Amino acid sequence: MVAQREWVPESVDVSVPSMARTYDFLLGGAHNFAVDRELAVHVAKVMPDARSAARVNRAFLGRAVRFMTERGIRQFLDIGSGIPTVANVHEVAQSMDPECRVVYVDKDPIAVAHSELMLAGNDRATIVHADMRDPDSVLDHPETRGLLDFDQPVGLLMLMMLHWVPDADDPWGLVARYRDALAPGSFLAISHVTADGQDESLAEVTDLIEESRSADQLTERPHDRVVALFGDFELEEPGLVGCAAWRSTGRGDISDTPEMNMVIYGGVARKP
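The numbering of the sequence shown is numbering that gives the first Met the number 0, which starts it at 0 and goes up by one.
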C-alpha cells in the first residue's frame with residue numbers, strides 16, 4: 000500500500016474505474032486499481048479476447064508512427080496518450096530519428112504523473128495535463144508551443160479516444176478544430192471502436208462501462224461516421240479498416256480472433 004500511495008495523486012477517486020487504467024491493465028500494465036481490474040475482468044467475461052483488441056490497437060499505433068516518420072514527420076501530438084506502456088510514440092519515433100519531438104496530452108492525473116517520470120531527462124518529449132475537449136488548452140499550452148511548430152507538418156494521433164466523446168459533444172467539430180491548426184502535409188491517425196459486424200458482446204461491454212459509474216462512456220460508431228472525423232484530409236491506403244488490417248506486418252499485428260481485428264477501426268489521413 001505504501002508503494003501504491005506514492006504514485007496516486009490525492010485528487011484521484013480510486014473507487015471509480017478509469018478507462019485509461021482499465022486499458023493499462025488489459026495491456027498488462029501495473030498502474031491500475033482493484034476497481035479497474037474488476038471492470039476489466041467483467042469485460043473479459045463477455046468479450047474474452049478484449050486483451051487481444053487492446054494489443055492490436057497498440058500495434059496500430061506503432062505502425063502509424065513509423066508510417067508518418069518515414070514520410071518526414073518529426074513532431075507528434077498524441078491526444079489521450081494514456082498511461083505509458085511499451086512502444087510509446089516517442090520511443091518509436093525517436094528510434095527512427097532522435098530529433099523527433101513529441102507532446103503527449105491526457106486528462107488522467109495518473110497517466111500524467113507516470114508520463115512525467117518516464118520522460119524525465121528527455122528534452123524532446125513532454126506531457127500536458129489537459130482535456131482534449133478544450134483544444135485551446137492543448138494547442139496553446141506553453142509545453143505544446145515549446146516543442147511543436149505548427150507552421151510545419153505535425154503527426155496528430157487520436158487513438159481510442161473519440162468513442163469517449165458522445166454525439167452531443169460534437170466530436171466532428173472538435174476534431175475539426177485540431178485539424179485546422181495543422182499545416183499542410185500533416186497527418187491524422189484515428190482508431191475508434193465500432194459495432195459494425197460485432198455481436199451482442201460489445202453492447203454488453205458498453206452496458207458494463209455505464210454501470211461502473213466511470214466518467215468515460217462508450218459511443219461506438221459505424222464506418223461512415225468515423226470516416227467523417229477525418230474531414231477533408233485524404234485517407235492513406237488502405238483507408239479506414241479494422242486496425243489489424245492497416246498495413247500489418249506480421250502475426251503480432253493481428254488477433255487470432257477475427258472479431259477483435261474489426262472491433263476497432265483505424266486509419267491515417269494527410270492534410271492536402
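Note that beta-carbon positions come from the ideal geometry of N, C-alpha and C, so glycine has one too. Since the model is a prediction, treat every value here as computed from it, not as a measurement.
{"query": "Could you tell me the boundaries of the beta strand (DSSP E) in which Gln-216 lies?", "result": "Taken as a continuous stretch (DSSP letters only), Gln-216 belongs to no beta strand (DSSP E), as it is neither H nor E."}
{"query": "From this set, Leu-116, Arg-212 and Phe-75, which residue's C-alpha is nearest Asp-148's C-alpha?", "result": "Phe-75"}
{"query": "Pick out the complete alpha helix (DSSP H) segments inside the segment 216-241, 4 residues or longer, and give them in chain order.", "result": "222-226"}
{"query": "Determine the contact status of His-113 and Val-127, defining contact as a CB-CB distance below 8 Å.", "result": "no"}
{"query": "Assign Arg-212 to one of two classes, buried (16 or more other C-beta atoms within 10 Å of its C-beta) or exposed (fewer than that).", "result": "exposed"}
{"query": "For Glu-287, I'd like the list of residues in its chain whose CB is within less than 7 Å of its CB, leaving aside the five on either flank, ordered along the chain.", "result": "No statement about residue 287 is possible, as the shown extent of the chain runs from 0 to 271 and does not include it."}
{"query": "Under three-state DSSP, which class holds Asp-179?", "result": "helix"}
{"query": "Here's a check: name, in chain order, each residue in its chain whose Cβ is nearer than 8 Å to the Cβ of Asp-107, leaving out the five neighbours to either side.", "result": "Ser-17, Ala-19, Arg-20, Gly-81 and Ile-82"}
{"query": "Using a Cβ-Cβ cut-off of 7 Å (strictly less than) and excluding sequence neighbours within five positions of Arg-176, which residues of its own chain qualify?", "result": "Pro-134"}
{"query": "To which residues of the same chain is Asn-260 closer than 7 Å at the C-beta, ignoring the five residues directly before and after it?", "result": "Val-55, Gly-241, Ala-243, Ala-244, Ile-253 and Ser-254"}
{"query": "Between Ile-92 and His-41, what straight-line distance do the alpha-carbon atoms span, to the nearest angstrom?", "result": "Residue 92 is actually Ala in this sequence, not Ile. Using only the alpha carbons, I get a separation of about 35 Å."}
{"query": "Which ranges does the alpha helix (DSSP H) cover as unbroken runs of at least 4 residues, wholly within the segment 29-108, from first to last along the chain?", "result": "33-45, 49-69 and 88-95"}
{"query": "Can you give me the Cβ contacts of Leu-207 inside the same chain, cut-off strictly under 8 Å, excluding the 5 residues immediately before and after it?", "result": "Leu-38, His-41, Val-42 and Val-45"}
{"query": "Measure the C-alpha to C-alpha separation of Gln-151 and Ser-185 and round it to an integer number of angstroms.", "result": "8 Å"}
{"query": "Which residues in the same chain as Arg-246 place their Cβ atom closer than 6 Å to its Cβ, once the five residues preceding and following it in sequence are excluded?", "result": "Arg-62"}
{"query": "Measuring only the C-alpha atoms, how far is Gly-79 from Leu-158?", "result": "7 Å"}
{"query": "For Leu-161 versus Val-174, is the C-beta distance shorter than 8 Å?", "result": "yes"}
{"query": "Whose C-beta lies closer than 6 Å to the C-beta of Gly-196 among residues of the same chain, with five residues either side of it excluded?", "result": "Met-261"}
{"query": "With a 10 Å radius around its C-beta and 16 neighbouring C-beta atoms as the bar for buried, classify Glu-233 as buried or exposed.", "result": "exposed"}
{"query": "For Ala-182 and Ile-189, I'd like the C-alpha separation in whole angstroms.", "result": "18 Å"}
{"query": "In the DSSP assignment, the beta strand (DSSP E) including Val-204 goes from what residue to what residue?", "result": "That residue, Val-204, is in no beta strand (DSSP E); its alpha helix (DSSP H) goes 199-210."}
{"query": "Below 6 Å CB to CB, which residues in the same chain sit around Ser-136 once its five sequence neighbours on both sides are set aside?", "result": "Ala-129"}
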